[in-house]
Amino acid sequence: MTRLPAPKRGQEVTWVRTHLGDLAAEPAGQIVASPAFRGGQSAADAALAALDVAGYARDRGEVWPAGRRGASRLSPYIRHGLLPLHRVWDHVATGPSRDVSKFRDELLWQEYARHVYARLGRGTGAPLRHLPPQPPLTSSSSPWDRSMACVDLAVGELERDGWLVNQARMWLASQWTVRGGWDWRTGEEAFFAHLLDGSRAANRLGWQWTVGTGTGRPYGFSRGQVRRRAPGLCETCGLRAACPIEDWPDGAPGPTIDPDPRLRTDPDAQATAGPSSARRLREPEVVWLTAESLGAGDPASRSNPDLPVVFVFDEQLLARVRLSGKRLVFLTQTLAELAESRLLQVHRGDPVSVLDRRAVAVTFAPVPGFVRRAALLEPAELHPYPWLVRPLDTPIASFSSWRRAMGV
Ligand SMILES: Cc1cc2nc3c(=O)[nH]c(=O)nc-3n(C[C@H](O)[C@H](O)[C@H](O)COP(=O)(O)OP(=O)(O)OC[C@H]3O[C@@H](n4cnc5c(N)ncnc54)[C@H](O)[C@@H]3O)c2cc1C
Numbered sequence: 008m009t010r011l012p013a014p015k016r017g018q019e020v021t022w023v024r025t026h027l028g029d030l031a032a033e034p035a036g037q038i039v040a041s042p043a044f045r046g047g048q049s050a051a052d053a054a055l056a057a058l059d060v061a062g063y064a065r066d067r068g069e070v071w072p073a074g075r076r077g078a079s080r081l082s083p084y085i086r087h088g089l090l091p092l093h094r095v096w097d098h099v100a101t102g103p104s105r106d107v108s109k110f111r112d113e114l115l116w117q118e119y120a121r122h123v124y125a126r127l128g129r130g131t132g133a134p135l136r137h138l139p140p141q142p143p144l145t146s147s148s149s150p151w152d153r154s155m156a157c158v159d160l161a162v163g164e165l166e167r168d169g170w171l172v173n174q175a176r177m178w179l180a181s182q183w184t185v186r187g188g189w190d191w192r193t194g195e196e197a198f199f200a201h202l203l204d205g206s207r208a209a210n211r212l213g214w215q216w217t218v219g220t221g222t223g224r225p226y227g228f229s230r231g232q233v234r235r236r237a238p239g240l241c242e243t244c245g246l247r248a249a250c251p252i253e254d255w256p257d258g259a260p261g262p263t264i265d266p267d268p269r270l271r272t273d274p275d276a277q278a279t280a281g282p283s284s285a286r287r288l289r290e291p292e293v294v295w296l297t298a299e300s301l302g303a304g305d306p307a308s309r310s311n312p313d314l315p316v317v318f319v320f321d322e323q324l325l326a327r328v329r330l331s332g333k334r335l336v337f338l339t340q341t342l343a344e345l346a347e348s349r350l351l352q353v354h355r356g357d358p359v360s361v362l363d364r365r366a367v368a369v370t371f372a373p374v375p376g377f378v379r380r381a382a383l384l385e386p387a388e389l390h391p392y393p394w395l396v397r398p399l400d401t402p403i404a405s406f407s408s409w410r411r412a413m414g415v
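Just so you know, we're using the working numbering here: the sequence shown kicks off at 8 and counts up by one.
(1) Using a threshold of 9 Å, state whether the C-beta atoms of Val294 and Ser308 are closer than that.
(2) Counting along the chain, where does the alpha helix (DSSP H) carrying Thr220 start and finish?
(3) With hydrogens ignored, establish whether the beta-carbon of Asp204 is closer than 8 Å to any heavy atom of ligand 1.
(4) When you compare only the Cα positions, how much space is there between Val336 and Pro72?
(5) Please state the DSSP three-state secondary structure of Leu11.
(6) Counting C-beta neighbours from all protein chains within 10 Å, is the total for Trp255 16 or more, i.e. buried, or is it exposed?
(7) For Ser408, which residues from the same chain have a beta carbon less than 7 Å from its beta carbon, with the 5 sequence-adjacent residues on both sides left out?
(8) Quick one: is the Cβ of Ala43 within less than 8 Å of any heavy atom of ligand 1?
(9) Within the same chain, show all residues whose beta-carbon is closer than 8 Å to that of Ala100, passing over the 5 residues directly before and after it, in chain order.
(10) When you measure from the CB of Val374 to every non-hydrogen atom of ligand 1, does any distance come out below 8 Å?
(11) Does DSSP put Glu388 in a helix, in a strand, or in coil?
(12) Give the DSSP bridge partners of Thr370, in chain order.
(13) With a threshold of 8 Å, establish whether the CB of Gln117 neighbours any heavy atom of ligand 1.
(14) Tell me where the beta strand (DSSP E) around Gly356 begins and ends.
(15) Is there at least one non-hydrogen atom of ligand 1 closer than 8 Å to the beta-carbon of Tyr392?
(16) If you compare alpha carbons, which of Met155, Gln215, Ala249 and Gln141 is closest to Gly132?
(17) Compare the beta carbon distance of Ala125 and Gly245 with 9 Å and say whether it is the shorter of the two.
(18) Go ahead and pull the three-state DSSP assignment for Trp255.
(19) Using a Cβ-based criterion (distance less than 8 Å to any ligand heavy atom), does Ile85 qualify as near ligand 1?
(20) What residues in its chain sit with their C-beta under 7 Å from that of Val20, if we drop five residues either side in the sequence?
(21) Give me, in chain order, the residues of the same chain whose beta-carbon lies closer than 7 Å to that of Gln117; leave out the 5 immediate sequence neighbours on both sides.
(22) For Trp137, list the residues DSSP reports as bridge partners.
(23) Please report how far the alpha carbon of Trp191 lies from the alpha carbon of Arg289, in whole angstroms.
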């Protein structure tokens, strides 16, 4: 394990190239920041302050030109705890009711994804209730054919900005799986490497939803959606006279399988949800920040304003998942801003080895990696996760059944 110097604002790209460059997907010298998003609490606050939810219901699915888009672009900040869901939920309260309702539905999708992942953990990688259908395998070397203007637009944004509107994610995921015949798991990894909001919870759910493992109905991508959501884009496409997605793809439902019994009930809902109030076993000496708790409002951090905060870049994990450098820069921008108001310690190594024997205060994170590490570290002080709605022993097999059971 290595203690790294705290990053400074304005020098984040150099810092990542120097200290984490060998762990990124691209060569260190090619690492750049996303031109579309900046990490940090002040960027998150500004994005939320600028959010006008009016028109959201109508425009959320628009893809191109970018000026027609109505998506909030808050996801990278929501992902890392800079904007807790309840804060975003409250922020839009005075907007037009149709837009508020649609926007809050999407926040609930995020919460639902977190509940599913918290309960099933790594099992979220297994099909929910249906096996993915077996689409015809194509001979293409990549399911994302960049001579198609729609695919090129979306892949270009994914790789450059690290963000896509939901509609474009569905297009790419469908093209990869339903038409291309590739495994959704490898597609999920391709997204995860680039998305600034990349989370196993929402990403896996999105890919599984696309192939129909939840509903049995795969999502088909065809030219009609491009014409509707990106008017004029087809006219720029070299394949406009021979569009390979002119017609709806064959997407027969996959067979139903015996579902995981935990989709109906949670044998340990308390463990899934984490503590409901703060628990102090002994005096903490540092605050451990995780990728889920990088916001100024993090409960453990706020309760211990005078303690140093520690963030560990997990070397083994990063070497395995090979994130694009812009994700590392986004995290580093967040840390650099934090270092201006808190004593920040940054390490590279195994979080458990770095924090072993230290009395840490930390906020529960509903992801298997945290649960496993926290069990080894026995935090001195553990704070509740800021759920929008606390998980209960309810069905989670579908969004609608979960919603009904949760009463939201
Ligand atoms: C294949 C695929 C992969 C995806 N991977 C991710 C991912 O890794 N991380 C991620 O946060 N979202 C993921 N999504 C969900 C969704 O596409 C993004 O949350 C959304 O596009 C982010 O943009 P936004 O903030 O402008 O969203 P908005 O439309 O403005 O929505 C506001 C917030 O609601 C939440 N949200 C919206 N739609 C969804 C959804 N379908 N599922 C879960 N939460 C949602 C997000 O937190 C989002 O920031 C994925 C969707 C698909 C189809």
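For glycine and all other residues, C-beta sits at the position ideal for the given N, C-alpha and C.
Working from what's here:
(1) yes
(2) Where Thr220 is concerned, there is no enclosing alpha helix (DSSP H), given that its DSSP letter is neither H nor E.
(3) yes
(4) 27 Å
(5) strand
(6) exposed
(7) Pro402
(8) no
(9) Val107
(10) no
(11) Per DSSP, reduced to three states, the secondary structure at Glu388 is strand.
(12) His390
(13) The answer is yes for Gln117.
(14) Leu351 to Gly356
(15) no
(16) Gln215
(17) no
(18) coil
(19) Flag set: Cβ of Ile85 near ligand 1.
(20) Same-chain partners within the cutoff: Ile38, Val39, Ala40 and Val336.
(21) Ile85, Leu92 and Ala209
(22) What sits at residue 137 in the sequence shown is His, not Trp. BP columns for His137 point to Thr263.
(23) 45 Å
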